[in-house]
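Take a look at the structure below.
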Amino acid sequence: MIDSPAKLKSHAENLSKNSKPATTILVSLGTCGIAAGTRPINDMLKAEIASRKADIEIVEVGCMGLCHSEPTIEVVNNASGKSVIYGKVKADQVAAIIETASKGIEAASCTVINRSWFYPEENETATPERIQARIVLKNTGKINPEILDHYLAEKGYQALSKVLFDMTPQQVIDTVIESGLRGRGGGGFPTGKKWAFAAAQKADQKYVLCNADEGDPGAFMDRAVLEGDPHSVLEAMAITGYAIGSDTGIIYIRAEYPLAVKRLEIAIDQAKKQGLLGKNILGSKFSFDIMIKYGAGAFVCGEETALIHSVEGKRGEPTVKPPFPAIEGLWKKPTVVNNVETFANVCAIIRNGAPWFKKIGTPGSPGTKVFALAGKVKKVGLVEVPMGTTLRQIIFNVGGGIMNDRKFKAVQTGGPSGGCIKFDQLDTEIDYESLKRLGSMMGSGGMIVMDEDDCMVNVAKFFLEFTLDESCGKCTPCRIGNKRLYEMLHRICDGRGTRETIQNLKDLSNSIKDTALCGLGQTSPNPVLSTLAQFEHEYLAHIDEKRCEAGVCKKLLKYEINNSCVGCTLCARNCPANCISGSVKQKHSIDQSRCIKCGVCMDVCKFHAVDRK
Amino acid sequence: MINLTINNLPVQVSEGQTVLDAAHKLGIDIPTLCHLKSTGGCHVESKTGSCRVCVVEIDGRPNLAPSCCTPATEGMKIITSSLRVINARRTMLDLLLSDHPKDCLTCEKSGDCQLQDLAAKLGLHRIKYKGEMSKHEIDVSSESIVRDPNKCIMCRRCETACNVVQTVGVLSGVGRGFEAVVGPADLRPLSETKCTFCGQCVAACPTGALTEVDHTYKCWNAINSGKTVVVQTAPAVRVALGEAFGMEPGSVTTGKMVTALRMMGFSKVFDTDFSADLTIMEETTEFIERLKSGKNLPILTSCCPGWVKFFEHQFQDLMHIPSTCKSPQQMFGAIAKTYYAKKIGVKAEDMIVVSVMPCLAKKYESARDEFNASGTRDVDIVISTRELASMIKEAGIAFDHLEESQYDDPLGESTGAGVIFGATGGVLEAALRTAADWVTGKDLQEIDFTAVRGLDGIKEATVKVGDLEVKAAISSGLGNARKLLEKIRKGEAQYHIIEIMACPGGCLNGGGQPYTGGRCDEILAKRMEAIYRDDKNAKIRKSHQNPSIKKLYEEFLGKPGSELSHKLLHTHYHGRRNV
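Chains R and D are the protein sequences, given in the same order.
What the first sequence shows, in our numbering, is residues 4 to 616, in sequence order.
What the second sequence shows, in our numbering, is residues 13 to 591, in sequence order.
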């Protein structure tokens, strides 16, 4: 039981004094790592260490953010403090890794990954190789999320201790306001202001809600934090509770995150047993308890009023604001809803002060932002960069450029309701406002890179299909309007669009933005409007020339056999639709009426005799 | 007070009022669809802000705002008819129509449809955003209500009626995106739910998504079947039917209605008021017995089939306290097919009993298995006030020009006590009139129990019946009934007698009454006033003094609560699944 700030401090000091083995191996065991096969590697590492009786400990950590190189491990020499990260670790490399680890050298024949991030809290600064700044992801990939002492050794719960014993609730709110921290879930509302609204309410009960219903396709920032560093969120929620006068926190987490749920449950249990959550935290008069509530898989429940209804057991659908949740939220009580990443910033701000935080990022958007970098980029993964970093730096520096060295076409930020950004805008320094100006948005941090093989009309259609599926169907513009937008895009992709369709797309998109009830609906036409603004020529090519530049829209494609055909019959034998005819050593031909545009003929032809038009 | 301007006109509203309220104050009409508000006895407010038809421009806000659920704030500057607003409004309507069946000519709701009205009002003559339409199965499973989800515009007004006003909890949003629709959980058929068929959802629905099961053709067939077809008309029908013919709300049209029914070809035109008097005889007898024994109190009235089904689903632990009396509709059928059939020498199976009711649950009630006192159905066909109006129109009868005529004897004779059954508190008042006389053995002259009148959802009164202080409560609207019943369940309230009606305001606001549009409060008050006026004008105002009732007991039933009475006029209840 840690029942005083002094005990917390001495406990942390003792932890740092504990003798460590010569080497520590961090094994990335987030969901992504596990899916990529890190578990068997972990078992083999353990067996190898045991058989050699090597002075090496294994620490099972959360996601290191290096999705492109899983299974990933980091070998840390505790004497020198030097470390080396190995990616794409294979079973036959395990012995060599343990062997060299004991000797303190790098293993040959392994893929070494250069660390591309620095830790601002450890007084590190950016270098050309290290432009990522880890504040939110400070501990993920570094500590075992299931061991409380690991967190405590990293100054865990010291921010909570500081607010409980050295700060008034108002001082906490002032600090967060001064830091300029803005909601990382999408809207970018100043976090401290939100807290101040809730704090100003007189009520017998208030709530702190953590939005962990991360639902953007391809986004996994929050999952990484919850799986890799759950205590940082719990601690921040307790700090919020203290600031606004609430004793109850609820984490609304999607049920599709079983590992995150498990680690949260373990963390809550540990914190309660140690007196870091529950009654009279650290011996103070402040009590705070946290419960977990599962989401049932609805994207719209990321919208705060919908989330609240879902927690209440009602249909997850948004209601008109005002009243805002900070005034009238869960069970009609003042409620602060922040997302995981927002909370994950709070402890660092309290520990280091607002001025420290404001030095990172841009004046209007201080701090960092975590992005899930995905799509046609060489190094997909989690990146955390200071606000104000350019898209070019993220995609070409951190992300290593475009896969197969194809040509960059666009990057989509802000999740399904974000927008597409073109090549000539890559040097934009990203923050909430700049992205909005480009017709996109910060969103929760999805970042999907597209190359010349992506058709922008089809991309717009893809995202709209997602919002259409995930709309709650409550308001007219989102329920029917998005359906109509989708149908228009479908018509264009099928070669049935007209110039009028483009005008209708624009008109309807603007009406939907102007009238929809919640953030989901108001932003759902963004993919349409931004692709229309940046890539109207692609739309026109589909309409006027019935041509899809990227070769994605099947109805507009045509496969034809040219004079290079030698009549080898390979294409005819492989055609699943049986629509290629021709006799041996004669030029073959494709029956267009039966062709399903699968492209197999082109793939199998050894003589470049099949053209795609 | 809050000061704001709309279209540059200054206006003052009080705290909590919306932009829409402010616009109304200025006489500015902002079209609405999903908004529903009534502040009278049937307090309903639905402001989901889902249709987005009422959007307006508010200075300083990036997006248009729905006026129906945006609170007015100091200094607001609002424009209600800029091009931006007009475009948005047209687009919303365009979208709604693009996913709405175009069968207005044959739609039940044609003429009363607010979507149709809006299309006419906004002059939308061409649909710009055409596309795929919703394809949902039409639910015709119940005896009372047809649910056509294809016509649902997701305004959620029915949901407010079902969940907030009635607390029945059957209707809610189901599905997502374009597939989203309002219906029972899992879109299961209404007949398999705890729906009470009160029909308040039908009354709230702005389109043809919820309508009654139409029995008008069945009725024409019956009239022309060669059998003896008798009709009964419920108390609340006479004070609302005129509205369907452009008459002032609150017109008492009893005489014209009787003439019309006769012209339509019914063999005999009788009155449910007669069997309301009969109900009082039986129920008051039961009440006095329970009062004397002190057991199974409070007695709850059982005239309302929506309410009966509600407690069968949701208050099974209290199923011993409602009166065992059948409703007046069913008592009428039972007596018509036994006593009256015998009197005129017709076999029960050669008689058809038709009811005209302000109610949709009555359709369901008449089909309940146990209601076959004569061996055939007590009541064969039930039509609503609306259906009767449409039949009268179909028959080419100029209703407002009709001469007045009288009900037939003997089942057409009634008292003022019978007619007040149509308003909340009426059954209880009628029972008290009889109970007071019976307990004191006098013919009391003070019979206006005004404490039990009015449109309030829950009313309480202590009334002297002889030396007894009878504690009475009245609730209308099932949400109010729930409040009362929960008090009783917890032992927090002690009453002797409670009247419960499913519909807010009682039968005069039944689910089968002419649609009130946006004038609900005003129209209900006028209907109620008409009912009490009719009572006041009645020669006899106590049920037990109805000569035909007396004769019925003398010739046939013996005395109230007799064995034959129990066989014909009483019933029992079934526990039902609470889903």
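Idealized CB from N, CA, C, for every residue including glycine.
Note that the structure is a prediction, hence the values are computed from the model and not measured.
Within-7 Å CB hit, residue i to chain R
i, result
"D/VAL67", "yes"
"D/ASP160", "no"
"D/SER58", "no"
"D/ASP111", "yes"
"D/CYS210", "no"
"D/PHE461", "no"
"D/THR103", "yes"
Member of the options whose CA lies at the smallest distance from the CA of residue i
i, options, result
"D/GLY434", "D/ASP546, D/SER402 and D/VAL366", "D/ASP546"
"D/ASP111", "R/ILE483, R/ARG576, R/PRO530 and R/ASN577", "R/ILE483"
"R/VAL179", "R/SER164, R/LEU167, R/GLY188 and R/LYS196", "R/LYS196"
"D/GLY135", "D/GLU155, D/LYS454, D/THR103 and D/ASP533", "D/THR103"
"D/LEU10", "D/CYS337, D/PRO526, D/LEU423 and D/LEU480", "Residue numbering for chain D in the displayed model covers 13 to 591; residue 10 of chain D lies beyond these limits and cannot be assessed."
"R/MET224", "R/ASN342, R/LEU11 and R/CYS481", "R/ASN342"
"R/ASP2", "R/ALA99, R/LYS486 and R/ILE271", "Since the first residue of chain R shown is 4 and the last is 616, residue 2 of chain R is not available in this structure."
"R/GLY305", "R/GLY498, R/ALA215 and R/SER164", "R/ALA215"
"R/GLU387", "R/ASN461, R/GLN396, R/LYS600 and R/VAL380", "R/GLN396"
"R/ALA299", "R/ASN126, R/GLY107, R/TYR260 and R/THR308", "R/TYR260"
"R/LYS381", "R/ALA241, R/LYS410 and R/SER313", "R/LYS410"
"D/VAL25", "D/ALA537, D/VAL358, D/ALA34 and D/GLN457", "D/ALA34"
"R/ALA3", "R/ILE59, R/GLU102, R/ILE76 and R/ILE88", "Because chain R here runs from 4 to 616, residue 3 of chain R falls outside it and cannot be looked at."
Beta carbon of residue i nearer than 7 Å to that of residue j
i, j, result
"R/LYS361", "R/GLY186", "no"
"D/THR266", "D/ARG250", "yes"
"D/SER314", "D/SER335", "yes"
"R/CYS556", "R/GLU320", "no"
"D/HIS508", "D/LYS471", "no"
"R/THR41", "R/PRO74", "yes"
"D/ILE561", "D/ASP289", "yes"
"R/SER592", "R/GLY585", "yes"
"D/PRO370", "D/ALA246", "yes"
"R/VAL414", "R/VAL460", "no"
"D/ARG64", "R/CYS478", "yes"
"D/ILE432", "D/ARG445", "no"
"R/SER447", "R/ALA222", "yes"
"R/ILE44", "R/VAL78", "no"
Proximity test, Cβ basis, 7 Å: residue i and chain D
i, result
"R/GLU124", "no"
"R/GLY484", "yes"
"R/LYS477", "yes"
"R/LEU471", "yes"
"R/SER514", "yes"
"R/SER105", "no"
"R/SER474", "yes"
Start and end residues, alpha helix (DSSP H) containing residue i
i, result
"D/VAL97", "95-110"
"D/TYR141", "Per DSSP, D/TYR141 belongs to no alpha helix (DSSP H) and is neither H nor E."
"D/PRO340", "340-347"
"D/GLU575", "575-581"
"D/LYS476", "Run containing D/LYS476: none in the alpha helix (DSSP H); it sits in the beta strand (DSSP E), 470-477."
"D/CYS532", "532-549"
"D/LYS562", "559-564"
Residue i: first and last residue of the uninterrupted beta strand (DSSP E) it sits in
i, result
"R/TYR89", "86-90"
"D/GLN244", "240-245"
"R/ILE101", "Taken as a continuous stretch (DSSP letters only), R/ILE101 belongs to no beta strand (DSSP E), being part of the alpha helix (DSSP H) at 97-106."
"D/VAL482", "480-488"
"R/GLU16", "Premise fails: R/GLU16 lies in the alpha helix (DSSP H), 8-20, not in any beta strand (DSSP E)."
### Message
So within the region 384-437 of chain D, which uninterrupted alpha helix (DSSP H) runs reach at least 4 residues, ignoring any that extend past its ends?
### Response
List check, alpha helix (DSSP H) in window: 397-406 and 428-431.
For this session: List in chain order: all unbroken alpha helix (DSSP H) runs of 4+ residues lying wholly within the region 518-580 of chain R.
Result: Qualifying alpha helix (DSSP H) stretches, in chain order: 522-526, 529-547 and 573-577.
What beta strand (DSSP E) runs, 3 residues minimum, are completely inside the region 373-402 of chain R? Correct list: 384-389.
Open item on the list: Give the list of continuous beta strand (DSSP E) stretches no shorter than 3 residues that lie fully inside the region 400-477 of chain R.
Closed with: Counting whole runs of 3 or more residues, the region 400-477 of chain R contains the beta strand (DSSP E) stretches 411-416, 422-425 and 449-454.
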